[in-house]
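Q: Heads up: the sequence shown begins at 1 in UniProt numbering, then just goes up one per residue.
Glycine residues also receive a C-beta, built at the ideal position from the N, C-alpha and C atoms.
Remember, it's a predicted structure, so these values are computed and weren't measured experimentally.
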Amino acid sequence: MVSYLTLLICNEVRRVDRSIDASKCISMSIIHDAHEALIGNVGNNARSLINEWKDLETRLFSELGLPEELNNYFREYRYALSIEGKIVNFTDKLATYMRACTYAKNGYDTRELINSYRELMERLLNEFPDGVKQVIQGLMASVYSWCDDGSLTNAVNHKSP
């Protein structure tokens, strides 16, 4: 999901900032997806228990013996060191937000997750240049509308996903 969302967002933001490297965005997003496949998608609560989680992830990724370019891409994504890394970092949060909305639409109580990820995405948006930020905000309007269509606030079944 992150790779797909990155493709969509990266192609749109390139309309206002041609310096964004679409190939790099996609490479980083595939590395992100492969990384999660290898070590799993560790939630923020678990991450907070481990000091310097990003450093640990980066070290583990570098021990896979992949080419240095891919290790650099992983670091850029993980630490949001480039605009491409920031885009992938943002789409990672967006994918979790959308998943939480889907669970909510199926009756699970994910309001806390939805609210915390929406706040996180809003903070991350402020790290983008104005033109890029505006494009992403425009794309996010339809996602927010879909997520906030009323079915979430009317969910009465509080099952856990």
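Would you call the region 123–133 and the region 15–27 in contact, with 3 or more CB pairs under 8 angstroms?
A: yes
Q: Assuming contact is defined by CB atoms lying nearer than 8 angstroms, are Ile-26 and Phe-74 in contact in what I supplied?
A: Numbered from its first residue, the sequence shown carries residue 26 at position 26. Numbered from its first residue, the sequence shown carries residue 74 at position 74. Not a contact, by the Cβ cut-off of 8 angstroms.
Q: Which term fits Asn-126, buried or exposed, when burial requires 16 or more other beta carbons within 10 angstroms of its beta carbon?
A: Within the sequence shown, the letter at position 126 stands for residue 126. Answer is exposed; the Cβ neighbour count stays below 16.
Q: Report the three-state DSSP secondary structure of residue 194 (helix, strand or coil).
A: What is shown of the chain runs 1 to 161, which leaves residue 194 out entirely.
Q: Of the residues Leu-113, Tyr-79, Ser-82 and Asn-106, which one's Cα is nearest the Cα of Leu-94?
A: As a first step, residue 94 is located in the sequence shown; it is residue number 94 there, counting from the start. Of the candidates Leu-113, Tyr-79, Ser-82 and Asn-106, the one whose C-alpha sits nearest the C-alpha of Leu-94 is Leu-113.
Q: Using the beta-carbon count (16 or more within 10 Å), is Leu-5 buried or exposed?
A: On the sequence shown, position 5 is the one that residue 5 refers to. By the neighbour-count rule (16 or more Cβ atoms within 10 Å), Leu-5 is buried.
Q: Which two residues bound the contiguous alpha helix (DSSP H) that contains Phe-74?
A: The count along the sequence shown starts at 1 and reaches residue 74 at position 74. 68–78 is the extent of the alpha helix (DSSP H) around Phe-74.
Q: Does the region 97–109 come close enough to the region 134–151 to have 3 or more Cβ pairs within less than 8 angstroms?
A: yes
Q: Where Ile-83 and Phe-61 are concerned, what is the direct C-alpha to C-alpha distance, given to the nearest angstrom?
A: The residue you call residue 83 lines up with position 83 of the sequence shown. The residue you call residue 61 lines up with position 61 of the sequence shown. A straight line joining the alpha-carbon of Ile-83 with that of Phe-61 spans about 21 angstroms.
Q: Work out the CA separation of Pro-67 and Asp-33 for me, nearest whole Å.
A: The residue labelled residue 33 in the question sits at position 33 within the sequence shown. The residue labelled residue 67 in the question sits at position 67 within the sequence shown. Going by the C-alpha atoms only, they are around 17 angstroms apart.
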